[in-house]
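Asks: Questions regarding the structure given below will be posed in turn.
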Amino acid sequence: MVYLDLILNLSLLVALSVVSGFLDKRFPRETRTGALLQGALFGAVAVLGMLRPLFMGPGLIFDGRTVMLSLCALFFGPWATLVACVMTLAYRVPLGGAGLVMGVSTILSSSAIGLAAYYRCKPSIQPPSTALLFGMGLIVHAVMVSLMFTLPAGVDFVTFKRLGLPILLLYPLATILAGTILSDHLSTTQAAAVLGKSEERYRLLFDASLDAILLTAPDGRILAANPAACSIFGRSEEEIKTVGRMGIMDNTDPRWAKALEERTRTGKFAGELTFLRHDGSKFSGEISTAIFQDQDNQIRTGMIIRDITDRKRKEQALLEKEVQYRNLANTGLALIWTSGTDKLCTYFNEPWLKFTGRTLEQELGNGWTEGVHRDDLERCVDIYVSAFDQRKSFDMEYRLRHESGQYRWIRDLGTPNYSGSGEFVGYIGHCFDITEAKIAQEEIRKLNDELERKIADQTRDLRDNQTALLNLVDDLNENAQNLTVINQSLEEVNRELAAFSYSVSHDLRAPLRSIDGFGNALLEDCANQLSDEGKDYLNRIRRAAQNMGRLIDDMLNLSRVTQSEFHRQDFDLSDMVRHIAGEERVNSQSRAVVDIQNSVLVNADQRLMHIAMINLLGNAWKFTGKSEHPHIAFGTDVQNGETVIFVRDNGVGFDMAYAGKLFGTFQRLHRTDEFPGTGVGLATVQRIIKRHGGRIWAESTPDKGATFYFTLGA
Numbered sequence: 088m089v090y091l092d093l094i095l096n097l098s099l100l101v102a103l104s105v106v107s108g109f110l111d112k113r114f115p116r117e118t119r120t121g122a123l124l125q126g127a128l129f130g131a132v133a134v135l136g137m138l139r140p141l142f143m144g145p146g147l148i149f150d151g152r153t154v155m156l157s158l159c160a161l162f163f164g165p166w167a168t169l170v171a172c173v174m175t176l177a178y179r180v181p182l183g184g185a186g187l188v189m190g191v192s193t194i195l196s197s198s199a200i201g202l203a204a205y206y207r208c209k210p211s212i213q214p215p216s217t218a219l220l221f222g223m224g225l226i227v228h229a230v231m232v233s234l235m236f237t238l239p240a241g242v243d244f245v246t247f248k249r250l251g252l253p254i255l256l257l258y259p260l261a262t263i264l265a266g267t268i269l270s271d272h273l274s275t276t277q278a279a280a281v282l283g284k285s286e287e288r289y290r291l292l293f294d295a296s297l298d299a300i301l302l303t304a305p306d307g308r309i310l311a312a313n314p315a316a317c318s319i320f321g322r323s324e325e326e327i328k329t330v331g332r333m334g335i336m337d338n339t340d341p342r343w344a345k346a347l348e349e350r351t352r353t354g355k356f357a358g359e360l361t362f363l364r365h366d367g368s369k370f371s372g373e374i375s376t377a378i379f380q381d382q383d384n385q386i387r388t389g390m391i392i393r394d395i396t397d398r399k400r401k402e403q404a405l406l407e408k409e410v411q412y413r414n415l416a417n418t419g420l421a422l423i424w425t426s427g428t429d430k431l432c433t434y435f436n437e438p439w440l441k442f443t444g445r446t447l448e449q450e451l452g453n454g455w456t457e458g459v460h461r462d463d464l465e466r467c468v469d470i471y472v473s474a475f476d477q478r479k480s481f482d483m484e485y486r487l488r489h490e491s492g493q494y495r496w497i498r499d500l501g502t503p504n505y506s507g508s509g510e511f512v513g514y515i516g517h518c519f520d521i522t523e524a525k526i527a528q529e530e531i532r533k534l535n536d537e538l539e540r541k542i543a544d545q546t547r548d549l550r551d552n553q554t555a556l557l558n559l560v561d562d563l564n565e566n567a568q569n570l571t572v573i574n575q576s577l578e579e580v581n582r583e584l585a586a587f588s589y590s591v592s593h594d595l596r597a598p599l600r601s602i603d604g605f606g607n608a609l610l611e612d613c614a615n616q617l618s619d620e621g622k623d624y625l626n627r628i629r630r631a632a633q634n635m636g637r638l639i640d641d642m643l644n645l646s647r648v649t650q651s652e653f654h655r656q657d658f659d660l661s662d663m664v665r666h667i668a669g670e671e672r673v674n675s676q677s678r679a680v681v682d683i684q685n686s687v688l689v690n691a692d693q694r695l696m697h698i699a700m701i702n703l704l705g706n707a708w709k710f711t712g713k714s715e716h717p718h719i720a721f722g723t724d725v726q727n728g729e730t731v732i733f734v735r736d737n738g739v740g741f742d743m744a745y746a747g748k749l750f751g752t753f754q755r756l757h758r759t760d761e762f763p764g765t766g767v768g769l770a771t772v773q774r775i776i777k778r779h780g781g782r783i784w785a786e787s788t789p790d791k792g793a794t795f796y797f798t799l800g801a
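Here it is in structure tokens:
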């Protein structure tokens, strides 16, 4: 009879606990309201159980409250436990009787054990297992049985003997049964939440994707299309479903058959195919497609399509500009070569190959040295290797065998080549045929030698014969005429070189601007479609084009310095320096302190001096950029009774051992990735100072700055 009464009480409580699932759907347990309502439900169920208890005497009743309270704490946490515990105590305490202490203790102990299990096992993350439910039920009711000994003497042992075993057998089983119902509902709720989030993420990805996404069947039916697909194909989703795969694919593209065959064979395909828009126009697209099974075990296929029309067009335009630039390089007069990090040459342009009459394969590596005159070869290789090891520019002259078999003089300008990341990748060189200039120089030397010889002879003969003086005058006039003709020839050569420089700079600028512009457009418009490697290649192309542009400008300015008209005038050089410094401070936002001596008056060509001071001050700004307290000074000094003008800075300085190379064209004493530049600025300054009849020199100590001194002649 005892077992039957307990079973009836527990079964009623278990049945009522099912209502918790319906309540959880409307008021989730994660909210405060849901937890409080669950506590009220479990408290009400516990009180209902106490209305139909197993009656053992006045105030001594047994029911399923411990099962309900422990499960309420385990599944719904402290807020629900508080409500259920208060409701149960509110009903039990007024009953009083012999079992009051035991009743209150079991309510508190079962709630505490349930909360301990809640914090220990975190059922919201992992639903409780059957073993956990059984263990908790056994502990709760073992404590309950032990609390029987708080009953009055005589009653405690009788109650223990009669109910101890039934409680330890039935109550843990009831805990498992009711807990399993709650655990199954929790698992179902969590699975539904995960599924809902997954579907939400899929729908968000499906709708927000910029690429076309199609859900299809292997037979070509289209089951769903995202907004991007509708935009790309120019059709509504229903129209895309109606026309199917055959309506969006270009049947004339032979790659389609191979793509579908590969997908059938391997289960997936990725590549480029041609597609059709609503108006019949074709476009290139990148497609990724795979076969899979849906939740109903139906075979489905998915397609992700990216319209690459713009990218293809820009890549083609960029390729055409690169070909145009290469063709321009091959049709110019300069002989161009490149080498790798192993010092071996990797490229020679068409003018080089035409000049030497050899093939590219013959010239690659060290093959080009076979054409260098044997008297120049050792010196030529030594200069190249020495500059290469020091990563410095070089300027050398040597004789190279022409296709005719004759040796012609070549001027070779080599510059270190760095990647966009600052990594050294080799050298690039430009060579020019200077044979005519060499011949002219040799002719002038011979004429000078002849003139000196004749002057010596005529001077010796003048002592004896005045007639010889007249003959000497005639000879001098004739030589002067010859010199005039030669000088005119040299001036003509200079004019042709100036015209050639302008033509080259103009013809090279246009494709360089196109390469830079198309590269920038490709980066801005297709950044999301390019890999990191592709972006790096484009950035390298742009930086190379920009560096080449700056080099062309510097070379053109250098040639103009010696060709332009020269007009001296009096002006205040301090005012000019102050104006240049103000512009530099605004443009570069430099922190440098600039001290400018007032009223440095000079007589010079104002336009050329402006170019010179921009270069000198620009150098000072550049090489003090890493100084903690950058300082630049301009003024005059007296050395050996002569007034000299100086520009001083406290930047990185340089080793005076290399001062002789400081004013050479393309000569650099620092790495380009540390301090950018073309190596033309100081060469330009030196030519300006020489045109004034002055001289320029520098003094420096590494890491302590440099001072550039110059005079401007009479």
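Counting from 88, one number per residue, gives the positions in the sequence shown under this note's numbering.
Heads up, the beta-carbon is just placed ideally off N, CA and C, and yes, glycines get one too.
(1) Sorted by chain position, which residues of the same chain lie with C-beta nearer than 6 Å to ASP476's C-beta, five sequence neighbours on each side aside?
(2) Got a sec? Which residues, its chain only, sit under 7 Å from LEU577 by beta carbon, not counting five neighbours each side?
(3) Return the CA-CA distance between GLN684 and TRP784, expressed in angstroms with no decimal places.
(4) Could you pull out every unbroken beta strand (DSSP E) segment of at least 3 residues lying fully inside the stretch 417-468, listed in chain order?
(5) Evaluate VAL725 with the Cβ neighbour count: other Cβ atoms within 10 Å of its Cβ, from every protein chain shown; 16 or more gives buried, anything less gives exposed.
(6) Whole angstroms are fine: how far does the CA of ILE391 sit from the CA of SER296?
(7) Which residues in the same chain have their Cβ closer than 6 Å to the Cβ of ILE698, if we skip the five residues on either side of it in sequence?
(8) Closest to ILE378 by CA distance: which of GLY184, PHE435, LEU301 and TYR258 is it?
(9) Less than 8 Å between C-beta atoms, sequence neighbours within five positions excluded: which residues of the same chain meet that for LEU749?
(10) Run through DSSP, which three-state label would ALA312 get?
(11) May I ask you to verify whether the stretch 242-254 touches the stretch 210-227, counting CB pairs closer than 8 Å and requiring at least 3?
(12) What first and last residue would you give for the alpha helix (DSSP H) that runs through ARG342?
(13) In whole angstroms, give me the CA-to-CA distance for ILE263 and THR351.
(14) DSSP three-state label for LEU749, please.
(15) Can GLY458 and LEU487 be called in contact, C-beta distance under 8 Å?
(16) May I have the straight-line CA-CA distance separating PRO259 from GLY144, to the nearest angstrom?
(17) For PRO503, which residues does DSSP report across the bridge?
(18) Thinking just about the alpha-carbon of each residue, which of MET223, CYS518, PHE129 and CYS159 is nearest to the one in GLU484?
(19) Just the Cα atoms here: how many angstroms apart are ASP469 and THR443?
(20) Assuming LEU234 and GLY201 are in contact, meaning their beta carbons sit under 8 Å apart, how far apart are those beta carbons, in whole angstroms?
(21) Where does GLY358 sit, in a helix, a strand or coil, going by DSSP?
(22) Can you tell me the Cα-Cα spacing of MET189 and GLY130, whole angstroms?
(23) When DSSP labels each residue in this structure, what does VAL681 get in the three-state scheme?
(24) What is the C-beta distance between ILE701 and ILE667, in whole angstroms, given that I count them as a contact (C-beta under 8 Å)?
(25) Just verifying my parser: in three-state terms, what is the DSSP assignment at ARG398?
(26) Would you check if the distance between the CB atom of ALA316 and the CB atom of VAL154 is smaller than 8 Å?
(27) Going by C-alpha to C-alpha distance, which of TRP496, GLY501, LEU538 and VAL512 sits closest to ALA524?
(28) Kindly indicate which three-state DSSP category GLY251 falls into: helix, strand or coil?
(29) Using alpha carbons as the reference points, say which of LEU704, PHE435 and THR388 lies closest to ALA304.
(30) Use the C-beta contact count for VAL734: other C-beta atoms within 10 angstroms, 16 or more gives buried, fewer gives exposed.
(31) Here's the rule I'm using: 16 or more other beta-carbon atoms within 10 Å means buried, otherwise exposed. How should ALA36 be labelled?
(32) Report all residues from its chain with a CB closer than 6 Å to the CB of ALA312; omit the five preceding and five following residues, and keep chain order.
(33) Assign ILE386 to one of two classes, buried (16 or more other C-beta atoms within 10 Å of its C-beta) or exposed (fewer than that).
(34) Please name the residue, chosen from ASP659, THR246 and ASN535, that lies closest to ASP692 on a Cα-to-Cα basis.
(35) THR361 to ARG393, Cα distance in whole Å?
(36) What would DSSP say about LYS713, mapped onto helix, strand or coil?
Replies: In short, the structure shows the following:
(1) none
(2) With a pLDDT of 47 at LEU577, under the threshold of 50, the predicted position of this residue should be treated as unreliable, and no value is reported.
(3) 20 Å
(4) 422-426 and 432-435
(5) exposed
(6) 10 Å
(7) So no residue of the chain qualifies.
(8) LEU301
(9) PHE741, LEU756, LEU769 and ALA785
(10) ALA312 carries a strand assignment under DSSP once its states are collapsed to helix, strand and coil.
(11) no
(12) 342-353
(13) Take the alpha-carbon of ILE263 and the one of THR351: they are about 50 Å apart.
(14) coil
(15) Yes; because the gap between Cβ atoms is below 8 Å, this pair is in contact.
(16) 24 Å
(17) TYR514
(18) Comparing Cα positions, the closest option is CYS518.
(19) 22 Å
(20) Wrong, their Cβ atoms sit about 16 Å apart, outside the cutoff.
(21) strand
(22) 18 Å
(23) Strand at VAL681.
(24) 6 Å
(25) helix
(26) no
(27) TRP496
(28) helix
(29) The shortest Cα separation from ALA304 among LEU704, PHE435 and THR388 belongs to THR388.
(30) buried
(31) This structure leaves residue 36 out entirely; the chain is present only between 88 and 801.
(32) LEU301, GLU324 and ILE327
(33) exposed
(34) ASP659
(35) Counting only the Cα atoms, ARG393 lies some 11 Å from THR361.
(36) coil
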